[in-house]
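End of the sequence shown sits at 94 in the numbering used here; the numbers just go up one at a time, nothing left out.
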Amino acid sequence: MNKAELVAQVAKESDLSKDAAEKAVDATFKNIEKALSGGDTVRIVGFGNFQVAQRKASVGRNPRTGAEVQIPASRVPKFRAGKALKEAVNG
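Listed below in structure tokens is the structure:
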């Protein structure tokens, strides 16, 4: 499912126009992004948790040349599925 399909499904199930559903989906994603960039965790009961994790600096290899490359430390978003989502996926 891509974003357009998600918007269409939200519009259908919530009796909203596609424009209103797209605004709602965009606002949801934007607010999750804003919370994560601020270092917060987003907990959606029954769905899962979005959080930010620190990735340490490391040394990698350029696959073409084999030369070592320094990979800088970074912050990465992570998602952990909640119990209800896991149960829904597993049947």
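For every residue, glycine included, the Cβ atom is placed at its ideal position computed from N, Cα and C.
> Along the chain, where does the alpha helix (DSSP H) that runs through residue 40 open and close?
Replying inline: 21-40
> Which residues in the same chain as residue 88 place their Cβ atom closer than 6 angstroms to its Cβ, once the five residues preceding and following it in sequence are excluded?
Replying inline: 50 and 51
>> So for residue 76, helix, strand or coil by DSSP?
In response: coil
> Since residue 54 contacts residue 81 with CB under 8 angstroms, what's their CB separation in whole angstroms?
Replying inline: 6 angstroms
> Under the rule that 16 or more other beta-carbon atoms within 10 Å means buried, what is residue 76, buried or exposed?
Replying inline: exposed
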